[in-house]
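Residue numbers (UniProt numbering), protein chains in the order written: chain A, 1 to 222; chain B, 1 to 568; chain C, 1 to 423.
Cβ atoms here follow ideal geometry from the backbone N, Cα and C, with glycine treated the same way.
Predicted, not measured: the structure shown is a model, and the values here were computed from it.
Scroll down for the structure; my scribbles are underneath it.
In structure tokens, the structure reads:
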């Protein structure tokens with residue numbers, strides 16, 4: 001798939017505040033296949049930003065500004081209708097479903113056979129061939145992370161948010177998984193926002209890096 | 001795991017045996033005390049030969065099949081209803097502040113003794129009840145109450161209504177207790193968020209992601225509710241038909257019949273009751289299998305939305321109706337406790353008086369003291385023992401065996417009516433004359449399982465790494481237990497304590513039987529009065545019964561918040 | 001003390017057979033020496049009973065009665081330093097079960113029940129399984145005040161000889177009551193009741209047997225219905241039931257009930273479980289006519305707003321079932337002397353007179369006023385202000401009907417349950 005000019009996530013003049021106190025302000029546009037990296041210590045408002053992006057801003061926060069996904073305004077769209085995929089540091093696979101079930105859960109409705117083939121192919125691509133019927137609890141950490149990634153990607157999101165996605169993986173695995181994730185983001189041409197602590201994540205993402213200070217705003221280009 | 005050999009660890013290691021003994025001996029002993037007479041052995045009545053005549057008598061009882069059917073049907077339907085409504089409420093209000101509010105409104109229902117709840121509901125729905133007064137005579141034209149066969153209908157609808165309203169808060173509280181546990185709750189909520197980010201509407205997300213995991217934690221409580229309702233006495237006695245009554249009510253009446261030879265039939269009936277309860281549990285498990293089988297493809301079919309709005313509206317309606325029923329019952333109860341004469345179709349009493357409160361409060365001191373002493377001692381024992389047993393599990397790095405796990409729920413799964421009469425006989429055998437100890441002992445049978453039920457999951461879910469980290473820092477196991485695990489588990493422990501107290505407060509049959517009637521608690525007084533002629537006095541007692549546990553529940557919910565707030 | 005002619009006859013024949021066959025002299029001598037030994041025995045009882053704890057198992061559903069027992073506890077505390085504990089029962093059979101369980105467990109000495117309020121089928125049951133201490137009632141000095149030799153009801157409980165196993169405490173007769181504002185055609189006979197209920201369907205019912213009050217209503221009906229039968233057949237109601245007497249007497253009852261039931265509350269498809277529920281239904285105005293065994297509960301219920309102020313009570317003209325209630329001591333009571341002291345106190349003119357007062361309890365005395373000194377008699381004078389409902393209409397011109405032989409209870413219950421128990 002080629003990068004499409006249409007695909008973008010635009011944060012338009014966002015101002016996030018808590019009890020009248022400005023937490024951060026941001027004005028960015030992320031194009032399909034690009035990764036916007038947000039860095040900063042805890043308390044700097046990273047997770048609040050993510051919550052706003054997925055539409056789950058806690059009630060004690062206040063947001064001003066708009067969010068556009070592929071030129072459509074989605075600021076007030078319910079979170080489950082936003083088509084924004086989420087990848088956490090924990091894979092959060094559903095324990096009551098198999099690997100295949102977890103992925104099928106995420107996929108749009110469709111012919112059973114087609115979906116099944118698609119899952120097999122995807123698993124194959126990330127080196128998990130034949131693991132369809134396994135229980136997620138019995139997979140290694142790296143395997144779980146890959147299933148979680150497939151789950152997000154096969155749900156056909158229009159953008160993707162990465163919340164410290166690699167922080168629980170050891171360095172070897174981290175590198176591999178990271179590479180896989182960024183490859184897939186490119187492949188599906190998704191605008192991505194990544195929140196991380198880790199400098200190397202930011203470098204690997206090869207995109208714009210924004211560093212948030214606690215309760216203030218700083219920008220630096222990489 | 002290698003554990004240091006200290007007094008604490010030895011104590012902990014041996015606690016499971018104590019727990020098992022405390023539960024097995026009375027239940028099995030009590031069962032024996034029923035089993036022997038069931039098969040015709042009751043020397044005190046001059047019956048010394050084993051035989052089946054008890055059962056022959058039992059099956060010749062007119063309407064026995066209706067009794068069995070009524071017991072089976074009402075408990076299955078009410079448990080199913082309570083479960084479905086619980087799930088609907090959770091699904092509709094998951095992540096909404098209303099969940100907490102509903103819980104706060106329903107919480108007190110949990111602690112209303114069954115008899116008082118039944119009377120309160122009865123007052124609402126009887127032809128001369130509050131509901132009928134609300135619409136009379138302006139809408140209905142009724143100057144005298146209509147002569148309807150409801151409550152007391154032969155199909156057990158009024159029993160189902162009563163049982164459902166009583167079971168629902170319990171199931172909801174259990175579910176919320178699970179969700180309140182940091183580990184499980186956080187994971188489930190995050191998973192729900194994932195489902196949401198994958199495009200699932202919150203309702204579908206709940207059913208496909210949360211429920212399958214949550215159900216595992218609710219399973220035993222549900223089975224306990226099912227077993228309890230199949231053999232409960234108070235609600236069917238007050239709201240149910242008596243032509244014929246449910247089997248459990250009939251058994252109690254036979255046990256209490258002046259014709260002592262009916263004891264043998266009653267004992268045979270108790271055995272039949274056990275079989276009914278077992279088959280109910282079996283049916284539920286079959287139902288589970290069926291649902292599981294049918295739902296596998298449903299879970300992963302990719303459908304994001306199933307008329308969620310419709311279901312949500314329906315749930316709003318059910319919840320509103322339910323809460324209004326409860327509120328109206330409460331209002332009626334309060335009105336009764338202050339009522340002068342109150343004739344149909346007056347919506348309000350002719351005058352309000354404080355006579356009922358003042359005379360009841362004068363007589364209430366001893367029962368109140370007894371209630372508190374018994375409940376607090378029982379709950380303390382239950383909490384301590386439960387924590388030790390759970391700690392023993394962690395030290396042995398395995399959960400207690402399947403058999404022990406089952407035994408803990410024995411008193412909940414075996415109808416109490418079947419073994420309590422035998423238990424009194426057992427107390428006689430060991431010649432235990434200390435009424436207080438006997439009562440605490442028998443309360444423990446019912447409090448312990450609930451406390452264990454409500455604590456076990458949180459304890460088992462506690463991240464083992466906390467203690468590993470602490471141990472690696474050279475901290476003693478006892479210190480890890482007292483200073484690390486207990487504070488982490490403060491909230492579930494307090495809730496379990498409040499639950500334990502509430503369960504103890506509400507015990508009627510065990511208090512009456514093992515206390516030889518010498519120990520009056522608020523509940524025994526209330527049931528005695530509830531069976532009496534004055535709604536007014538029983539309203540006072542019922543309200544007292546609600547206030548008492550409600551106080552402890554509020555403490556249990558508020559204390560951890562204060563505690564953690566102080567820590568910043 | 002009113003006793004039916006039937007009892008008088010039985011007594012006379014018994015006396016003729018057993019007592020007067022002995023020499024009349026020896027009877028008198030025996031009476032003297034008995035009196036002497038009684039007082040010695042009684043001193044002994046007083047000595048040993050002092051300071052004992054006595055657990056009195058008595059139905060606790062009525063606040064007035066509970067208060068009376070509390071008063072009695074205070075009195076015996078002052079007199080004998082006895083600690084009288086009222087164990088409140090919902091049903092007397094609980095105490096019966098308890099003693100039975102103790103016997104089953106070979107606890108023959110250290111029972112939990114010292115004194116139990118009892119009569120009728122509960123007594124018959126306990127007597128049958130030998131759960132009661134025997135031959136003690138005669139020892140009580142105050143027992144003589146009931147004039148037992150002239151008053152056979154004091155030594156018979158529902159027709160069963162008490163054999164000194166219980167001491168009388170009070171007596172009651174079936175009393176009906178109604179709301180005088182709502183009912184102006186009060187049914188005063190059994191046949192009236194049927195007609196009234198047909199005219200006003202759904203406003204009368206009775207508790208499901210074997211409830212005591214429900215059973216009492218059935219007994220009343222059976223006694224009245226059997227009056228058309230020859231005397232010899234009627235008398236069979238006071239004897240152990242046989243297949244023959246059943247066939248002669250019960251069909252009339254079933255025929256009556258078959259007619260009555262469709263007119264009852266809930267069309268006779270549901271019956272309340274106990275007598276107190278009747279009062280609640282009266283209070284809810286679902287019923288308009290009801291009945292009770294303790295007439296005194298009516299004014300007291302009115303004072304507590306549990307019944308409308310316009311409630312009035314009356315007795316049926318064709319007869320009112322009456323019975324005596326007793327206290328008994330289980331065979332394994334460890335405080336038998338204390339229990340006797342309490343039983344004796346309960347029989348004292350002071351206690352009986354207080355009990356008879358409507359504001360206290362209103363339960364009729366069992367003492368024979370002719371046996372009392374003028375001062376004692378004066379205790380019974382009524383000078384209290386009474387509610388109108390305390391004046392029982394027809395009280396002076398009702399016939400008191402005696403209880404049936406207890407064996408009828410089981411037969412009636414069983415057949416009732418077969419006929420009407422499954423609907």
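Straight-line Cα distance separating residue 50 of chain B from residue 106 of chain B: On the second chain, residue 106 of chain B is found 106 positions in, with the first residue counted as 1. On the second chain, residue 50 of chain B is found 50 positions in, with the first residue counted as 1. Roughly 49 Å separates the two Cα atoms.
Supposed contact pair residue 343 of chain C and residue 327 of chain C - C-beta distance, whole angstroms, cut 8 Å: For the purposes of this step, residue 327 of chain C is taken as the residue at position 327 of the third chain. For the purposes of this step, residue 343 of chain C is taken as the residue at position 343 of the third chain. With 8 Å as the limit, residue 327 of chain C and residue 343 of chain C qualify as a contact, their Cβ atoms being about 5 Å apart.
C-beta atoms of residue 491 of chain B and residue 383 of chain B nearer than 7 Å: The residue given as residue 491 of chain B occupies position 491 in the second chain. The residue given as residue 383 of chain B occupies position 383 in the second chain. No, these two residues do not count as a Cβ contact at 7 Å.
Alpha-carbon to alpha-carbon, residue 445 of chain B and residue 507 of chain B: As a working mapping, residue 507 of chain B is identified with position 507 in the second chain. As a working mapping, residue 445 of chain B is identified with position 445 in the second chain. Residue 507 of chain B and residue 445 of chain B: Cα-Cα distance of roughly 11 Å.
Contact set between the region 299-311 of chain B and chain A, restricted to residues whose Cβ is under 8 Å from the partner: Here the close residues are 299, 300, 301, 302, 303 and 304.
Contact with chain C by residue 358 of chain B, beta-carbon distance below 7 Å: Taking the second chain and counting its residues from 1, the one referred to as residue 358 of chain B is at position 358. Cβ-Cβ to chain C under 7 Å: no for residue 358 of chain B.
Burial state of residue 10 of chain B (16 or more Cβ within 10 Å): Counted from its first residue, the second chain places residue 10 of chain B at position 10. Under this definition residue 10 of chain B is an exposed residue.
C-beta contact flag for residue 38 of chain A and residue 46 of chain A at 7 Å: The count along the first chain starts at 1 and reaches residue 38 of chain A at position 38. The count along the first chain starts at 1 and reaches residue 46 of chain A at position 46. In contact: residue 38 of chain A and residue 46 of chain A (Cβ atoms closer than 7 Å).
Those residues which DSSP pairs with residue 311 of chain C across a bridge: Position 311 of the third chain holds residue 311 of chain C. Beta-bridge annotation (DSSP): residue 311 of chain C is paired with C:179.
Sub-7 Å separation of residue 253 of chain C and residue 223 of chain C beta-carbons: The residue labelled residue 253 of chain C in the question sits at position 253 within the third chain. The residue labelled residue 223 of chain C in the question sits at position 223 within the third chain. By the CB criterion at 7 Å, residue 253 of chain C and residue 223 of chain C fall outside the cutoff.
Cβ pair residue 157 of chain A, residue 83 of chain A closer than 7 Å: The residue labelled residue 157 of chain A in the question sits at position 157 within the first chain. The residue labelled residue 83 of chain A in the question sits at position 83 within the first chain. Inclusion of residue 157 of chain A and residue 83 of chain A in the CB contact set at 7 Å is warranted, their separation being smaller than that value.
Below-7 Å beta-carbon distance, residue 158 of chain A vs any chain B residue: Residue mapping note: residue 158 of chain A aligns to position 158 of the first chain, counting from 1. No, because no Cβ of chain B sits closer than 7 Å to the Cβ of residue 158 of chain A.
Alpha helix (DSSP H) runs contained entirely in the region 153-196 of chain B, provided each spans 4 or more residues: With a minimum length of 4 residues, the continuous alpha helix (DSSP H) runs that stay inside the region 153-196 of chain B are 157-180.
Neighbourhood of residue 275 of chain C by C-beta distance below 6 Å, restricted to the same chain and skipping five residues each side: Translated into positions along the third chain, residue 275 of chain C becomes position 275. So the list reads 207 and 213, once near-sequence residues are dropped.
Candidates C:200, C:193 and C:124, of which the one nearest residue 165 of chain C by Cα: By 1-based counting over the third chain, the position of residue 165 of chain C is 165. Comparing Cα positions, the closest option is C:124.
CB of residue 178 of chain B within 7 Å of CB of residue 217 of chain B, strictly: Numbered from its first residue, the second chain carries residue 178 of chain B at position 178. Numbered from its first residue, the second chain carries residue 217 of chain B at position 217. Yes, these two residues count as a Cβ contact at 7 Å.
Closer than 8 Å at the beta carbon, the chain C residues around residue 353 of chain B: Position 353 of the second chain, counted from the start, is the residue given in the question as residue 353 of chain B. Neighbours of residue 353 of chain B on chain C, chain order: 305.
Proximal residues of chain B, C-beta to C-beta of residue 90 of chain A below 9 Å: For the purposes of this step, residue 90 of chain A is taken as the residue at position 90 of the first chain. Correct list: 187 and 190.
Identity of the residue in C:141, C:195, C:209 and C:101 nearest residue 348 of chain C by Cα: Indexing the third chain from 1 puts residue 348 of chain C at position 348. In this structure, C:141 is the residue among C:141, C:195, C:209 and C:101 with its C-alpha nearest to the C-alpha of residue 348 of chain C.
Environment of residue 479 of chain B [buried if 16+ CB atoms lie within 10 Å]: Mapped onto the second chain, residue 479 of chain B falls at position 479. With fewer than 16 other Cβ atoms within 10 Å, it is exposed.
N-terminal and C-terminal residue of the beta strand (DSSP E) that residue 352 of chain C is part of: The sequence position of residue 352 of chain C within the third chain is 352, counting from 1. Run containing residue 352 of chain C: none in the beta strand (DSSP E); it sits in the alpha helix (DSSP H), 349-356.
Residue burial classification, residue 279 of chain B (beta-carbon count within 10 angstroms, cutoff 16): Here residue 279 of chain B refers to the residue found at position 279 of the second chain. Exposed is the call here.
Interface residues of chain C facing residue 520 of chain B [CB-CB closer than 8 Å]: Within the second chain, numbered from 1, the residue matching residue 520 of chain B stands at position 520. Within chain C, the C-beta atoms nearer than 8 Å to that of residue 520 of chain B come from 88, in chain order.
Cβ-Cβ distance between residue 89 of chain C and residue 59 of chain C below 7 Å: If you number the third chain from 1, residue 89 of chain C lands on position 89. If you number the third chain from 1, residue 59 of chain C lands on position 59. Yes, the Cβ-Cβ distance between residue 89 of chain C and residue 59 of chain C is below 7 Å.
Minimum C-alpha distance to residue 227 of chain B - residue among B:31, B:409 and B:461: Locating residue 227 of chain B in the second chain gives position 227, counting from the first residue. The shortest C-alpha separation from residue 227 of chain B is found at B:409.
Separation of residue 283 of chain B from residue 306 of chain B, as counted between CA atoms: To locate residue 306 of chain B, count along the second chain from 1; it is residue 306. To locate residue 283 of chain B, count along the second chain from 1; it is residue 283. Their Cα atoms are separated by approximately 28 Å.
Near the ligand FAD: residue 553 of chain B beta-carbon under 6 Å from a heavy atom: The model depicted lacks the ligand FAD and carries no ligand whatsoever.
C-alpha distance - residue 270 of chain C paired with residue 286 of chain C, whole-angstrom precision: By 1-based counting over the third chain, the position of residue 270 of chain C is 270. By 1-based counting over the third chain, the position of residue 286 of chain C is 286. If you take the alpha carbons of residue 270 of chain C and residue 286 of chain C, they lie about 14 Å apart.
Residues sharing a beta bridge with residue 58 of chain C, DSSP: The count along the third chain starts at 1 and reaches residue 58 of chain C at position 58. Note: residue 58 of chain C sits in a beta bridge opposite C:88.
Beta-carbon proximity list for residue 332 of chain B, same chain, < 7 Å, skipping 5 on both sides: Mapped onto the second chain, residue 332 of chain B falls at position 332. Within the same chain, residue 332 of chain B has close Cβ partners 120, 123, 124 and 130.
Coarse secondary structure for residue 15 of chain A, derived from DSSP in three states: Taking the first residue of the first chain as position 1, residue 15 of chain A is located at position 15. Correct three-state label for residue 15 of chain A: strand.
Within chain B, the residues that residue 145 of chain A reaches when beta carbons sit closer than 7 Å: Translated into the one-based positions of the first chain, residue 145 of chain A becomes position 145. Simply none; closest approach about 14 Å.
The alpha helix (DSSP H) enclosing residue 52 of chain A, as first and last residue numbers: Reading the first chain from its first residue, position 52 is the one you call residue 52 of chain A. Counting along the chain, the alpha helix (DSSP H) containing residue 52 of chain A begins and ends at 46-54.
Opening and closing residue of the alpha helix (DSSP H) in which residue 90 of chain A lies: Within the first chain, the letter at position 90 stands for residue 90 of chain A. Looking at the DSSP string, residue 90 of chain A is not in any alpha helix (DSSP H), and its letter there is neither H nor E.
Whole runs of the alpha helix (DSSP H) within the region 315-387 of chain B, excluding any shorter than 4 residues: 355-363
Coarse secondary structure for residue 422 of chain C, derived from DSSP in three states: Numbered from its first residue, the third chain carries residue 422 of chain C at position 422. In this structure, residue 422 of chain C counts as coil in the three-state DSSP scheme.
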